[in-house]
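J.: Order-wise, the sequence lines are chains A and B.
One point on numbering: in numbering that gives the first Met the number 0, the residue at position 450 of the first sequence is 449, and numbering is uninterrupted.
One point on numbering: in numbering that gives the first Met the number 0, the residue at position 3 of the second sequence is 2, and numbering is uninterrupted.
We put the beta carbon where it would ideally sit given N, CA and C, even for glycine.
Every value quoted in this text rests on a predicted model; they were computed, and no experiment measured them.
Following this message is one structure expressed as structure tokens.
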Amino acid sequence: MATVKTTLGRRSFFKSSVLAGGGMMLSFSWFAGCEIPNRKEAAIIEMPEEWFELNSYIKIGDNGVVTLFNPNPEFGQNVKTSMPMILADELDVDWKNVIVEQANFYPKRYDRQFTGGSQSIRQGWNILRTAGATAKRMLVTAAAQHWQVPVNEVTAKAGILYHTATNKEITYGEIASLAAIQPIPEEVELKEIKDFKIIGTSKKNVAGTAIVTGKPMFGIDYQAEGMLIAMIIHPPAFGMKLKKFDATKAKSMPGIKDVFKIDTLKSDYARNYFDTTTFTELITVVGNSTWEVMQAKKEVVVDWEQAPEHTFQMDARGDKIAVHVPAGLESTIVHQTKMNQFNKNPGRILRIDGDPEKAFKNAAKILERTYSAPFLAHNTMEPVNCFANVSAEKAELYGPIQAPEFIIGTLSERLKLPKEKIQINLARMGGGFGLRAYGHHMIEAAVISQEMKAPIKMVYTREDDMSYGIYRPSYTATYKAAMDENNNLIAFHVKAGGIPESPLFPNRFPAGAIDNYLAEAWEIPSNITIGAFRAPRSNFIAGAEQSFLDELAEELGKDPIEFRLDLLERAKNNPVGENNDYDPERYAGVIKLVKDKSDWDNNSDKSRGFSAYFCHNTYVAQVLDLEIKNDKPMVDNVYAAVDCGIVINKDAAKNMGEGAIVDGIGNSLYGEQVFKDGAPQKLNFDRYQLIRMSEAPKSIEVHFVENEHNPTGMGEPLFPPIFAAMANALYRATGQRHYQQPFIPKKKIIG
Amino acid sequence: MATYNLKVNGKDQQVDVSPSTPLLWVLRDHLQLVGTKFGCGIAQCGACTIHIEGIAVRSCQLPVSAVGEQKITTIEGLSENGDHPVQKAWIEHDVPQCGYCQAGQIMSATSLLSQNPNPSDIEIDQAMNGNICRCGTYTRIKKAIKTAANSK
Ligand code: FES
Ligand code: FES
């Protein structure tokens, strides 16, 4: 049985107290707790003070109900269900008696309150287990004391403590007050994986009923006494800014309170990574109701002008750097030409193994292919919005935000209010996919409220939202493979870049499996803003790499799966280089599992594509079957094999995996934002095509590798590889390779 | 501005708004029925789906002046206790992820089943194609619709 400490160095990160009305409250530090297994003694001493702040707690009421106060925001990744499952299992209580309360954001207390990169469960795993085990230990000790029996004779099951020899039992609720005054054990034992009763089962989303009955829970649903509605007008193109505007007519329209200009970030403000703000100068229209404001918005007459090139200050974790924003009105056509040019020049070398130059020179044959993908908009179904009520003394905000700690400093600076006077309440997010990490909407709403001296709810129209930027960047990658006269693979070269960043991960597969290897990157600056998008960078490079490997396997006369397995075998037995970002055995594990589940060997008549990838600590392999019907690809089945360590909530994990697959299929076929003279051309769902039900796969099977590794992410890793599974299946169906996303030519797009 | 007497979820409601106001905003801003969602405003996403006399309609494109005496049902009025067979099937299949599109999905699905109690896959696709789910829950939605159809 694993034993864990409840202290870091000599400091405890637990504290216990008796609840006022009876019961037990065990407070703990979420962040210190998350760090325990990852930190060495020396590092522990350096941990920031606030990590020891007791920012989370579990309460065991005298009625036996356990409340978990959880600092992670929810946007569909189901942490509100999976976290209590982990706690309930260690605590040995019926998970239905565990309820989660969403912690609101107060500065200092949750300095790392962030759901992103599929990390929340990974981080919560240790602390929730330790907290559950600690509370259980104290309950057991209290029962032993109460009955005057040895501690090791007391057992716990589903919220009840037993002393079998004397036939005694008592509920957690009844003994909770006595448990609260027990000393905190310095060490506790965690359950063996095999003894889990709740973890690994399937529990329904705790918010399910509220969702299907339409209860208010999103930022956009928020209502407050005297609340006004605000909308913004931002420049119609990147590289443009406001010159002047005339709001005479708009101001005279019914229900309109005011129309004015706002400045969100002062030009000398040193931004952080999540202050991505496309336009700092906006016009806002404020009125009584959404429809009235929408109508008035159309009547504001605005003159825009080209913005000059400029720089802003960025606080890159303590280092001030100047970020340069080029001038000009960019177009997709020019982007493509430029990327192709850059891809021909030498890039920055990120990894080199062996002598790739020589190998390519001596090659008997070279396969070279170039892949590209456009900008993508997040298109969360809930448009950008935020409620703000700012007075001279304090600010209260409510809205969708993934990382409140990254925006609080900016709010404080801009509103001239100390951080302690700003409260950010976290709404359930109507989709995230990376977008909600950026807090520009909070600044905008707060500034509007401050100017209006009134509570306001700011809402973007879909058009405002889709044309605001913070897109997934546009990328291009060229892959080259060299073969000798016996058709053996002897060298591999990837050169990848994008606007404005490169998607390259130089140490990922197949690095480590090929003697001569070269990885190069390049980037082209732009004034189009970008941001994290479901599995950043992986979401392109996986598709390019896995499409190339498919074509390469064919060139080598190998089965696509056997080819990968051979490479992984090499990486396992005799790896090239030391810094390889994957575990070849686990990687091969998912490939073998999907091979088996899709009955790969007996279905060569099907148009099926294979793909595999490792990112966000999770291994994924996929097989996709499709048919072409009426010139359109119809996906029949998708098989996915996943190694994300221990699965907490099986059906919910499958749901996330299915969603990522559907999302990836949609984006591979249709997803793109295009630009003409700086202006995004797709402003709403009539032109920006998203996948719909008739195009979704008929069935999706998600299978998990069973192992005892700590849980890793599920929200992102199934997204990147599906692009290649789609491309490779399309090739089998049509005989044509697809190198450019989106795969369905524009002319075929229907509105 | 004009006064409209609306029949919403079995109740008479009076609102004072301009005639062009889409029913979506009357529901959300004036009647505090925020279960009906705003997604696109141009009848492309289905988030705003409600029933007019039991038929699924995109409320973002329906001016309040066109509603008249017709009965309006929103997600809040679909069932007394959230126990409509479609709502139950949604829970059974644990359909929602972020949940934002689901009210619209449910309103489209209930309208479909009231007219066609046993829809084929293609009929489900046709009826549901106007409802986007960005989280990609389509396969579950389809399963839930079939479960609800069989439970009647
Ligand atoms: S908001 Fe009505 S269909 Fe999108
Ligand atoms: S559940 Fe998120 S959009 Fe459908």
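#1: May I have all residues whose beta carbon comes closer than 6 Å to any heavy atom of ligand 2, sorted in chain order?
#2: Looking only at C-alpha atoms, which of A:A376, A:G438, A:R427 and A:A444 sits nearest to I388 of chain A?
#3: What's the gap between the Cα of V56 of chain B and the Cα of L32 of chain B?
#4: Would you kindly report the start and end of the unbroken alpha helix (DSSP H) that includes S111 of chain B?
#5: Which residues in chain B sit within 8 Å of L717 of chain A, going by Cβ to Cβ distance?
#6: Quick one, are the C-beta atoms of V7 of chain B and G81 of chain B less than 8 Å apart?
#7: Quick check: is any heavy atom of ligand 1 less than 7 Å from the C-beta of R57 of chain B?
#8: Which of the three DSSP states, helix, strand or coil, is assigned to E584 of chain A?
#9: Less than 7 Å between the CB of A108 of chain B and some heavy atom of ligand 1, yes or no?
#10: Could you check whether the Cβ of S251 of chain A sits closer than 8 Å to any Cβ belonging to chain B?
#11: In whole angstroms, what separates the C-alpha of F756 of chain A from that of V78 of chain A?
#12: Establish whether the CB of G40 of chain B and some CB of chain A are separated by less than 8 Å.
#13: Can you pull out the residues from the region 13 to 38 of chain B whose beta carbon lies closer than 9 Å to at least one beta carbon of chain A?
#14: Pick from A:G60, A:T331 and A:P509: whose alpha carbon is nearest that of I489 of chain A?
#15: Taking only three categories from DSSP, how would you classify I647 of chain A?
#16: Buried or exposed, going by whether 16 or more other CB atoms sit within 10 Å of the CB of T163 of chain A?
#17: Report yes if the CB atom of W290 of chain A is closer than 8 Å to the CB atom of W89 of chain B, and no otherwise.
#18: With 8 Å as the C-beta to C-beta threshold (strictly closer), list the residues of the region 300 to 312 of chain A near chain B in chain order.
#19: Any Cβ of chain B within less than 8 Å of the Cβ of Q335 of chain A?
#20: How would you list, in chain order, the residues of chain B whose beta-carbon sits under 7 Å from the beta-carbon of L689 of chain A?
#21: In terms of alpha-carbon separation, which member of A:G21, A:D662 and A:E395 lies closest to R533 of chain A?
#22: Would you say G644 of chain A lies against chain B (beta-carbon separation less than 8 Å)?
#23: Closest Cβ-Cβ distance between R461 of chain A and chain B: below 8 Å?
#24: Does ligand 4 have even one heavy atom less than 7 Å from the beta-carbon of F237 of chain A?
#25: Within this structure, are the beta carbons of I690 of chain A and Y669 of chain A separated by less than 8 Å?
#26: Between D624 of chain A and the rest of its own chain, which residues show a CB-CB distance below 6 Å, the 5 nearest in sequence each way excluded?
#27: Chain B beta carbons: is any one of them nearer than 8 Å to that of V701 of chain A?
#28: Taking the Cβ atom as the reference point for each residue, do G468 of chain A and T277 of chain A lie within a distance shorter than 8 Å?
#29: With 16 as the cutoff for other CB atoms within 10 Å, does R752 of chain A come out buried or exposed?
#30: According to DSSP, is T114 of chain A part of a helix, a strand, or is it coil?
#31: Run the CB neighbour count on S266 of chain A, radius 10 Å, all protein chains shown included, and call it buried at 16 or more, exposed below.
#32: Can you give the beta carbon distance from D549 of chain A to A723 of chain A, rounded, assuming they're within the 8 Å contact cut?
#33: Using DSSP with H/G/I as helix, E/B as strand and the rest coil, what is R413 of chain A?
#34: So that I know if they touch, is there some Cβ in chain A lying closer than 8 Å to that of T146 of chain B?
#35: If you measure from the CB of Q312 of chain A, is any heavy atom of ligand 1 nearer than 7 Å?
T.: According to the data block:
#1: Cβ-based neighbours of ligand 2 within the cut-off: A:G75, A:M380, A:G430, B:P95, B:Q96, B:C97, B:G98, B:Y99, B:C100, B:Q101, B:C132, B:R133, B:C134 and B:T136.
#2: Per the sequence shown, residue 388 of chain A should be read as Asn rather than Ile. It is A:A444 whose Cα lies nearest to the Cα of N388 of chain A.
#3: Whole-angstrom Cα-Cα distance: 16 Å.
#4: The question names Ser, yet the displayed sequence has Leu at residue 111 of chain B. In this chain, the alpha helix (DSSP H) harbouring L111 of chain B covers Q101 to Q114.
#5: By Cβ distance, chain B contributes nothing, its closest Cβ being about 10 Å from L717 of chain A, past 8 Å.
#6: Between V7 of chain B and G81 of chain B, the CB-CB gap reaches or exceeds 8 Å.
#7: At least one heavy atom of ligand 1 is nearer than 7 Å to the Cβ of R57 of chain B, so yes.
#8: For E584 of chain A, the secondary structure class from DSSP, reduced to helix, strand or coil, is helix.
#9: Not one heavy atom of ligand 1 lies closer than 7 Å to the C-beta of A108 of chain B.
#10: The Cβ of S251 of chain A sits no closer than 8 Å to any Cβ of chain B.
#11: Outside the shown range of chain A (0 to 750) lies residue 756 of chain A, about which nothing can therefore be said.
#12: Judged by the 8 Å Cβ criterion, G40 of chain B is in contact with chain A.
#13: Of all residues in the region 13 to 38 of chain B, only V16, S17, S19, T20, P21, L23, W24, V25, R27, D28, H29, Q31, L32, V33, G34, T35, K36, F37 and G38 come within less than 9 Å of chain A when Cβ atoms are compared, listed by chain position.
#14: Answer by Cα proximity: A:P509.
#15: Here I647 of chain A sits in coil by DSSP.
#16: T163 of chain A comes out exposed.
#17: Between W290 of chain A and W89 of chain B, the C-beta spacing is not below 8 Å.
#18: Result list empty, no residue passes.
#19: Against chain B, the CB of Q335 of chain A has no partner CB under 8 Å away; the residue lies outside that interface.
#20: Going along chain B in sequence order, the residues near L689 of chain A (Cβ under 7 Å) are I131 and R133.
#21: The candidate whose alpha carbon is nearest that of R533 of chain A is A:D662.
#22: Answer no: the Cβ-Cβ gap between G644 of chain A and chain B never drops below 8 Å.
#23: With a threshold of 8 Å between beta carbons, R461 of chain A makes contact with chain B.
#24: In the structure on display, ligand 4 does not appear, and the ligands it does have are ligand 1 and ligand 2.
#25: Contact: yes.
#26: For D624 of chain A, same chain residues with a beta-carbon under 6 Å away, outside a window of 5 residues either side, are K605, R607, D635 and N636 in chain order.
#27: Among the residues facing chain B, V701 of chain A is not included, as its CB has no counterpart in that chain under 8 Å away.
#28: Their beta carbons are under 8 Å apart, which means G468 of chain A touches T277 of chain A by this criterion.
#29: Past the edges of chain A, shown from 0 to 750, lies residue 752 of chain A, and the structure says nothing about it.
#30: Confidence at T114 of chain A is low in this model, with a pLDDT of 45, below 50, so its placement is unreliable and the value that follows should be read with caution. Coil, per DSSP.
#31: Under a 10 Å Cβ-count criterion, S266 of chain A is classified as exposed, with fewer than 16 other Cβ atoms of the shown protein chains found around its own Cβ.
#32: Taking the Cβ atoms as the reference, D549 of chain A lies roughly 7 Å from A723 of chain A, within the contact range of under 8 Å.
#33: Of the three classes helix, strand and coil, the one that applies to R413 of chain A here is helix, per DSSP.
#34: Residue-level contact check: T146 of chain B does not touch chain A, since none of the beta carbons of chain A fall below 8 Å from its beta carbon.
#35: Because no heavy atom of ligand 1 lies under 7 Å away, the Cβ of Q312 of chain A does not count as near it: no.
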